[in-house]
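Participant:
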Amino acid sequence: MYRHRSEHDSSKLGDRLEERWIKHIAKNKNPAYYKVLIGTFIWEIFVLNVLVVLIEAIRMTQPFIISKLLTIYEKDPKENINDVYLYSGLIIATSLVSVILLHKFNFAMMQVGMKMRIASCSLIYRKALRLSKSALAETTIGQMVNLLSNDVGRFDQAAHHLHYFYIAPIQALIVMVFLYLFAGWTALLGTIFLLLSIPLQSWLGKKTSQFRLKTATRTDERVRLMNEIISGIQVIKMYTWEYPFAKLVELVRG
Numbered sequence: 001m002y003r004h005r006s007e008h009d010s011s012k013l014g015d016r017l018e019e020r021w022i023k024h025i026a027k028n029k030n031p032a033y034y035k036v037l038i039g040t041f042i043w044e045i046f047v048l049n050v051l052v053v054l055i056e057a058i059r060m061t062q063p064f065i066i067s068k069l070l071t072i073y074e075k076d077p078k079e080n081i082n083d084v085y086l087y088s089g090l091i092i093a094t095s096l097v098s099v100i101l102l103h104k105f106n107f108a109m110m111q112v113g114m115k116m117r118i119a120s121c122s123l124i125y126r127k128a129l130r131l132s133k134s135a136l137a138e139t140t141i142g143q144m145v146n147l148l149s150n151d152v153g154r155f156d157q158a159a160h161h162l163h164y165f166y167i168a169p170i171q172a173l174i175v176m177v178f179l180y181l182f183a184g185w186t187a188l189l190g191t192i193f194l195l196l197s198i199p200l201q202s203w204l205g206k207k208t209s210q211f212r213l214k215t216a217t218r219t220d221e222r223v224r225l226m227n228e229i230i231s232g233i234q235v236i237k238m239y240t241w242e243y244p245f246a247k248l249v250e251l252v253r254g
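For the sequence shown, full-length UniProt numbering assigns the number 1 to the initial residue and increments by one for each residue that follows.
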């Protein structure tokens with residue numbers, strides 16, 4: 001197995017996150033973990049923000065280039081053959097550059113998400129070692145396993161979409177302006193319907209998060225039960241309790 005890079009070391013990332021977390025809870029009565037997480041990796045996110053703005057700017061120039069090319073073809077393309085070559089080359093160049101930059105952005109953003117996940121896992125592990133006996137009695141193994149395997153893993157995916165929270169509205173506004181200038185109000189109907197669907201999507205997102213919370217609770221209970229069954233499998237075998245416990249597992253999974 002290859003050695004990991006020093007910047008991906010769990011202890012270093014955990015130290016960075018823990019230091020900022022301690023400062024944050026000292027200044028805020030209601031601490032927010034996402035603020036600490038973003039603040040810890042703010043410079044990596046900022047550099048990638050410049051990159052994704054460049055990618056979207058290049059993408060937005062492509063419709064204008066295609067429009068120029070189509071305008072030439074509406075006339076006689078043989079008279080403007082140099083312009084045909086120019087705009088065709090620009091379409092290829094912008095597509096190639098945007099694809100290369102997009103892959104670079106995706107790879108770098110996956111690393112940022114991985115750093116968030118590693119740092120969060122390190123913080124969870126350190127917190128688990130400092131829990132009191134009363135806190136340990138209230139915390140199940142299922143909760144710990146679910147945190148480290150499912151919940152923290154969401155950072156790998158969430159980090160990738162982080163930039164589009166503020167880029168998408170700006171981009172939509174710019175597109176609407178150009179649509180109005182080129183085609184008038186009729187071109188905005190589709191965009192308006194799309195914007196009207198945002199409240200519905202927001203409501204569906206809240207409902208999904210509620211269902212996810214219920215699913216996580218059931219998962220914690222299922223993992224706890226399976227861990228207890230595996231730990232006491234000899235006793236279960238000795239008293240031939242396989243059938244009742246199988247029914248219990250089916251009930252929890254159902």
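Beta carbons: idealized from backbone N, C-alpha and C, even for Gly.
Given this structure, state the Cα-to-Cα distance separating residue 100 from residue 94, to the nearest angstrom.
Facilitator: Against the sequence shown, residue 100 aligns to sequence position 100. Against the sequence shown, residue 94 aligns to sequence position 94. Distance between the alpha carbons of residue 100 and residue 94 is about 10 Å.
Participant: Straight-line CA distance for residue 82 to residue 11?
Facilitator: Here residue 82 corresponds to residue number 82 of the sequence shown, with the count starting at 1. Here residue 11 corresponds to residue number 11 of the sequence shown, with the count starting at 1. When rounded, the distance between both Cα atoms is 59 Å.
Participant: Straight-line CA distance for residue 39 to residue 20?
Facilitator: Here residue 39 refers to the residue found at position 39 of the sequence shown. Here residue 20 refers to the residue found at position 20 of the sequence shown. Taking the straight line from one Cα to the other gives about 8 Å.
Participant: Jot down the residue ranges of each uninterrupted beta strand (DSSP E) in the stretch 77 to 146, minimum 3 residues, whole runs only, in chain order.
Facilitator: Secondary structure in the stretch 77 to 146: no beta strand (DSSP E) run of 3 residues or longer lies completely within the stretch.
Participant: Please classify residue 161: does DSSP put it in a helix, a strand, or coil?
Facilitator: Position 161 of the sequence shown, counted from the first residue, corresponds to residue 161. The answer is helix: DSSP assigns residue 161 an H, G or I state.
Participant: Taking the runs of the alpha helix (DSSP H) that are 4 residues or longer, which of them lie wholly in the stretch 4 to 63?
Facilitator: Those alpha helix (DSSP H) runs which fall completely within the stretch 4 to 63 and span 4+ residues are 10 to 27 and 33 to 40.
Participant: Judging by CA-CA distance, which residue of 124, 193, 115 and 196 is the nearest neighbour of residue 157?
Facilitator: Against the sequence shown, residue 157 aligns to sequence position 157. It is 115 whose Cα lies nearest to the Cα of residue 157.
Participant: Taking buried to mean at least 16 other C-beta atoms within 10 Å of its own C-beta, is residue 164 buried or exposed?
Facilitator: Here the question's residue 164 lines up with position 164 in the sequence shown. The residue is exposed, with fewer than 16 neighbouring Cβ atoms inside 10 Å.
Participant: Which word fits residue 117, buried or exposed, when buried means at least 16 other C-beta atoms lie within 10 angstroms of its C-beta?
Facilitator: Sequence index remark: in the sequence shown, residue 117 carries index 117 (1-based). It counts as buried.
Participant: For the putative contact between residue 144 and residue 119, defined by C-beta atoms under 8 Å, what is the C-beta separation to the nearest angstrom?
Facilitator: Mapped onto the sequence shown, residue 144 falls at position 144. Mapped onto the sequence shown, residue 119 falls at position 119. Their Cβ separation, rounded to whole angstroms, is 17 Å, which puts residue 144 and residue 119 out of contact at 8 Å.
Participant: Around the Cβ of residue 113, are there at least 16 other Cβ atoms within 10 angstroms (buried) or fewer (exposed)?
Facilitator: Within the sequence shown, residue 113 is the residue found at index 113, counting from 1. When all chains shown are included, residue 113 counts as buried.
Participant: Put residue 152 into one of helix, strand or coil per three-state DSSP.
Facilitator: Your numbering for residue 152 matches position 152 in the sequence shown. DSSP places residue 152 in coil when its eight states are reduced to three.
Participant: Are the beta-carbon atoms belonging to residue 121 and residue 162 less than 8 Å from one another?
Facilitator: Position 121 of the sequence shown, counted from the start, is the residue given in the question as residue 121. Position 162 of the sequence shown, counted from the start, is the residue given in the question as residue 162. Their beta carbons are not under 8 Å apart, which means residue 121 does not touch residue 162 by this criterion.
Participant: Give me the Cα-Cα distance between residue 192 and residue 167, rounded to the nearest whole angstrom.
Facilitator: Numbered from 1 along the sequence shown, position 192 holds the residue referred to as residue 192. Numbered from 1 along the sequence shown, position 167 holds the residue referred to as residue 167. Straight-line Cα distance between these residues: approximately 18 Å.
Participant: Can you tell which of 61, 106 and 242 has its C-alpha closest to the C-alpha of residue 178?
Facilitator: Reading the sequence shown from its first residue, position 178 is the one you call residue 178. The shortest C-alpha separation from residue 178 is found at 61.
Participant: When the Cα atoms are used, what is the spatial distance from residue 218 to residue 238?
Facilitator: Indexing the sequence shown from 1 puts residue 218 at position 218. Indexing the sequence shown from 1 puts residue 238 at position 238. Between residue 218 and residue 238, the C-alpha separation is close to 29 Å.
Participant: Answer yes or no: do residue 36 and residue 48 have a C-beta to C-beta separation smaller than 8 Å?
Facilitator: As a first step, residue 36 must be located in the sequence shown, where it is residue number 36. As a first step, residue 48 must be located in the sequence shown, where it is residue number 48. No; because the gap between Cβ atoms is not below 8 Å, this pair is not in contact.
Participant: Would you kindly report the start and end of the unbroken alpha helix (DSSP H) that includes residue 243?
Facilitator: As a working mapping, residue 243 is identified with position 243 in the sequence shown. Annotation for residue 243: the continuous alpha helix (DSSP H) segment containing it runs 242 to 253.
Participant: May I have the straight-line CA-CA distance separating residue 51 from residue 8, to the nearest angstrom?
Facilitator: Translated into the one-based positions of the sequence shown, residue 51 becomes position 51. Translated into the one-based positions of the sequence shown, residue 8 becomes position 8. Residue 51 and residue 8: Cα-Cα distance of roughly 22 Å.
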